[in-house]
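Worksheet: the structure to be examined is printed underneath.
Numbering (my numbering), first residue to last: -12 to 483.
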C-alpha cells in the first residue's frame, strides 16, 4: 500500500513517515542530522535565552488581541528556514522584476497614464483612495517611487512560489531579519561553521547607499534621516534600529521644518539641511497642510518642497495605489506591458468582486475562499473561509454584498510548512517570506528575508499583528564547501 501524501509541502521532509535521511530534502540533510541529536529541553532553553535577550534589547510589537494594543515580543522560533542558492536566484529575480514594473507603473500613473490608455488598467484606479493627485506630474529622482519594497511570497510545493501581496508604502520587518540572524549566531555558532550561509548584516549599508543615490544630483554629501511617528508606533523599534545601524539621525515631525524650498533638521549646532527622508509615516499624516489637517506627526509644507525637488522622500508619496489588492491583480500585465517579459513569479489566482461573475462565484464558495479588503493589511479585515464559523461567514457575506468592490477573494492555498519548536516538541507550522527589494541606481536584494510563521496549529495567518512569529532565513551560497568567512568571523565574535 502506498503511503498517503502529506496535505502540505514540508520544506524539510518530503516524506514525513520516513526516519531515514532519504526522506529529507537535500539542503536540510546536515541540519536534520544535527537536530536529531539535540534534546528538546536544550532547544527550549535556547528559545528562552533568545526571549530574554530580545526583551532586554526592546524588540517589541503591538499585537492586538486579548489586550488591545498591548506591547509584547514577537515569538521567535530557533529553527531556521533554509533556501538553496537556486531557489534564491529565482525569488530574487522575480521580486526585482516585479518591483521594477511597479515603479514604472507609478511613474506612468502620475504622468502619461499609458497603461490606462492601452486598456490594461481600468481608469477607476484614479478613484482609488491611495492615488494622490498631488503627485501628478512630479518627477522623482531616477523615477524611483518604491525605494524599499517588501514582496510577500508563499510556497505550495517543491517548485511553486506565489506572490501573495506587494508592500510599497512603509514596509516593515527587516529589523527582525537582521536581529533573528544575530540571535541565531549567538545561540548556535557551530551551525555557521558547518553551513555556507549567505550573510545579511550589510543590509543597512546597502539601504543607506540606495537612499543617498536618490538625493538631488547637485548634492555631493547628502544628509539622510529616518522620520518616525514616535515611540508609540508599533514598529518604533525598527525605526530606531535602522537609524542606528545606518549611522543617521532618527527624527520626528517636530524635529524638522521647511524654509526656502528646503527641509531642515533642528540640531544643537543650528539648522542642518536634510536631503533624503526615509519616512515611516503614512501619506495621510506626513503634511498637515495637504492631507490630514489634524496630524501632529508630519512636517507642514513638506509636500511643497518635495514637489519642487528640494528633498527626496523614500518611499514616495502615492505609492499605496500600487500595493492595493485591487491593483495586485494587474501586476502580471504590468510586467508584460512595461518590461516586455513574462512574470517570473505568479500571482495567487484572484477573484475581483467588482465583477459580477467573480462575485457570484465567491458568494457561492465563501466557505472555501480567503476574502480580503483591497486596502486591508496586517491580517485585519479578512476572512479565512475554511476556518470561519457559520455566523462569521454570514456576517462577511453581508459586508461583501454591501460593497463588493472593496474585496477580493482567493483560493485557500496549501501553504508550505517548516519545522517549528512548540510546547509539544517540533511540529510543522505554516510560513511565508518577505524579501526586501532596495531600489536606487540599481535594484538589489540582500540574501535573506523576514520569515513569518503561524505559531498556532492549523493556522494560515502568519501576520505578526495576529500573533505570528518569525524565523531566521538561511540562503545557502552556491558552490561553497565552507561557510562564509563573514559569518564565521561574526559567529566567533558572538562567543566573546
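Ideal placement from N, C-alpha and C gives every residue a C-beta, glycine not left out.
Nothing here was measured: the structure is a model prediction, and the numbers come from that model.
* **Contact under 9 Å by Cβ, residue 313 with residue 361** => In terms of Cβ geometry, residue 313 and residue 361 form a close pair [threshold 9 Å].
* Asked: Residues in its own chain within less than 6 Å of residue 263 by CB, not counting five upstream and five downstream?
  -> Around residue 263: 198, 202, 209, 211, 299.
* Asked: Run through DSSP, which three-state label would residue -7 get?
  -> The predicted model places residue -7 with a pLDDT of 45, which falls under 50 and marks its position as unreliable; any figure quoted below should be read in that light. It is coil, neither helix nor strand.
* To do: Thinking residue 127 and residue 303 are a contact (beta carbons under 8 Å), I'd like their distance in whole angstroms, please.
  => Correct: roughly 5 Å between the Cβ atoms.
* To do: Take residue 358 as the anchor and find which of 105, 388, 331, 444 has the nearest alpha-carbon.
  => Closest by C-alpha distance to residue 358, out of 105, 388, 331, 444, is 388.
* Buried or exposed: residue 323, going by 16 or more other Cβ atoms within 10 Å of its Cβ? -> With fewer than 16 Cβ atoms within 10 Å of its Cβ, residue 323 is classed as exposed.
* Sort 125, 124, 92 by Cα distance to residue 112 and report the nearest one. => Out of 125, 124, 92, 92 has the C-alpha closest to the C-alpha of residue 112.
* Mind checking whether residue 448 and residue 456 have CB atoms under 9 Å apart? -> No, they are not a contact pair.
* Express the C-alpha separation of residue 282 and residue 74 in angstroms, rounding to a whole number. => Each residue's alpha carbon lies about 44 Å from the other.
* Asked: Going straight from the alpha carbon of residue 246 to that of residue 240, what length do you get?
  -> Residue 246 and residue 240: Cα-Cα distance of roughly 14 Å.
* Considering only residues of the stretch 194 to 247, which uninterrupted alpha helix (DSSP H) runs meet the minimum length of 4 residues and lie entirely inside it, listed in chain order? -> For the stretch 194 to 247, whole alpha helix (DSSP H) runs of length 4 or above, ordered along the chain, are 223 to 233.
* Would you report the Cα separation of residue 229 and residue 221, rounded to the nearest angstrom? -> Between residue 229 and residue 221, the C-alpha separation is close to 15 Å.
* Nonlocal neighbours in the same chain, by C-beta distance under 6 Å from residue -6, ignoring five residues either side -> If the five residues before and after residue -6 are omitted, its C-beta is found closer than 6 Å to no C-beta atom of its own chain.
* Report the three-state DSSP secondary structure of residue 182 (helix, strand or coil). => Coil, per DSSP.
* Asked: Within the chosen definition, does the stretch 420 to 433 reach the stretch 129 to 144 through at least 3 CB pairs nearer than 8 Å?
  -> The stretch 420 to 433, when compared against the stretch 129 to 144, does touch it at the 8 Å Cβ threshold.
* To do: Taking residue 130 and residue 94 to be in contact with their CB atoms under 8 Å, please state how far apart those CB atoms are, rounded to whole angstroms.
  => Between residue 130 and residue 94 a beta carbon distance of about 5 Å is seen, short of the 8 Å cut, so the two are scored as contacting.
* **Contained alpha helix (DSSP H) runs [length at least 4] in the stretch 326 to 386, N- to C-terminal order** => You should have 343 to 351.
* Residue nearest to residue 261 in terms of C-alpha spacing, selected from 217, 223, 207 -> Closest by alpha carbon: 207.
* Can you list, in chain order, the residues of its chain whose CB lies under 7 Å from that of residue 34, leaving out five sequence neighbours each side? -> Apart from sequence neighbours up to five positions away, the residues of its chain that approach residue 34 with a beta-carbon distance below 7 Å are 65, 408, ordered along the chain.
* Cutoff 6 Å; reference residue 337; Cβ partners in own chain excluding five residues on either side -> Result list for residue 337: 316, 395, 397, in chain order.
* **Strand pairing of residue 415, partner residues [DSSP]** => Answer is 406, bridged to residue 415.
* Asked: What is the DSSP secondary structure of residue 20, reduced to helix, strand or coil?
  -> In the three-state reduction of the DSSP assignment, residue 20 falls in the helix class.
* Could you name the residues that DSSP lists as bridge partners for residue 153? => 138.
* Provide the residue(s) that pair with residue 259 in DSSP beta bridges, ordered along the chain. => Beta-bridge pairing links residue 259 to 252.
* Asked: Under the DSSP definition of a beta bridge, which residues are partnered with residue 420?
  -> Looking at the DSSP assignment, residue 420 forms a beta bridge with 140, 438.
* Mapping DSSP to helix, strand and coil, what is residue 133? -> Here residue 133 sits in coil by DSSP.
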